[in-house]
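Asker: Residue numbers (the numbering used here): 413 to 614. One structure is given below, represented as structure tokens, and several questions about it will come after.
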């Protein structure tokens, strides 16, 4: 049983081939040379961060199937500064077109010490931006972006930092490594790696 953690860059498709006609887009095949592994869940083209891949169908289902409610933690750079009522809405559940979301863990954080995004986000001079740490236990399409938009703070940049006990700790953008396939196995540096250092410098 193999489980791989990959730090997916912005603009990379969450698949090994690009089936669209036109100029080729970067795929997982540009970064991962391990045959027989497939993504356990998805990560949008315009999102970054942790993607898990495995060659085991049961493990793939345990990670990706919303029935197991595996927590997923995201770092979201949003437009504006969410107030207490906006954070409360995220924590209670936000009404979307496909129903109310499950309660999320949500908190304001200082700017995380992440790699630069290429291309960088568009900054609006007169509108500040803020970073949130959000943990959800379901997997609706573009859920985090829809949740922050619903409270009036569109997402500018989205990085998935952790899935269950597996995190991006020590994993550079575009790199991958094998990790323990079960929770509680292996050393701390390989999984369950907490959160990145935070700084207010950009």
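Just so it is clear, CB atoms sit at the ideal spot from N, CA and C, and this is done for glycine as well. Only a predicted model underlies this, so the values are computations on that prediction, with no experimental measurement involved.
Quick check for students: name the residue ranges of the beta strand (DSSP E) that lie wholly in the stretch 505-560, counting only runs of 3 or more.
Answerer: 517-521, 541-548
Asker: Check this for me: beta carbons of residue 562 and residue 501, under 9 Å apart or not?
Answerer: In the chain shown, the residue the question calls residue 562 occupies position 150. In the chain shown, the residue the question calls residue 501 occupies position 89. Their beta carbons are under 9 Å apart, which means residue 562 touches residue 501 by this criterion.
Asker: Any idea what DSSP makes of residue 503, helix, strand or coil?
Answerer: Taking the first residue of the chain shown as 1, we reach residue 503 at position 91. Residue state, collapsed to three classes: helix.
Asker: For residue 556, is the classification buried or exposed, using 16 other Cβ atoms within 10 angstroms of its Cβ as the cut-off for buried?
Answerer: The sequence position of residue 556 within the chain shown is 144, counting from 1. By the neighbour-count rule (16 or more Cβ atoms within 10 Å), residue 556 is buried.
Asker: Kindly indicate which residue of 434, 471, 438, 512 has the alpha-carbon position closest to the one of residue 422.
Answerer: Along the chain shown, one-based indexing puts residue 422 at 10. The candidate whose alpha carbon is nearest that of residue 422 is 438.
Asker: If you draw a straight line from the alpha carbon of residue 446 to that of residue 517, how long is it in whole angstroms?
Answerer: As a first step, residue 446 must be located in the chain shown, where it is residue number 34. As a first step, residue 517 must be located in the chain shown, where it is residue number 105. Taking the straight line from one Cα to the other gives about 35 Å.
Asker: Out of 520, 545, 424, which one is the CA nearest neighbour of residue 442?
Answerer: As a first step, residue 442 is located in the chain shown; it is residue number 30 there, counting from the start. When each option's Cα is compared against that of residue 442, the closest is 424.
Asker: Just to confirm the assignment, what range does the beta strand (DSSP E) spanning residue 416 have?
Answerer: One-based indexing of the chain shown puts residue 416 at position 4. Here the beta strand (DSSP E) through residue 416 covers 415-420.
Asker: Can you tell me whether DSSP reads residue 584 as helix, strand or coil?
Answerer: Locating residue 584 in the chain shown gives position 172, where the first residue counts as 1. Note: residue 584 maps to coil in three-state DSSP.
Asker: Return the chain-ordered list of same chain residues with a C-beta closer than 8 Å to the C-beta of residue 429, the five sequence neighbours on each side being excluded.
Answerer: Numbered from 1 along the chain shown, position 17 holds the residue referred to as residue 429. These residues qualify, in order along the chain: 439, 441.
Asker: For residue 475, name the three-state secondary structure that DSSP assigns.
Answerer: As a first step, residue 475 must be located in the chain shown, where it is residue number 63. Correct three-state label for residue 475: helix.
Asker: Which stretch, first to last residue, makes up the beta strand (DSSP E) that contains residue 460?
Answerer: Locating residue 460 in the chain shown gives position 48, where the first residue counts as 1. Where residue 460 is concerned, the enclosing beta strand (DSSP E) stretches over 460-466.
Asker: Taking contact to mean at least 3 C-beta pairs separated by less than 8 Å, is the stretch 530-540 in contact with the stretch 447-463?
Answerer: no
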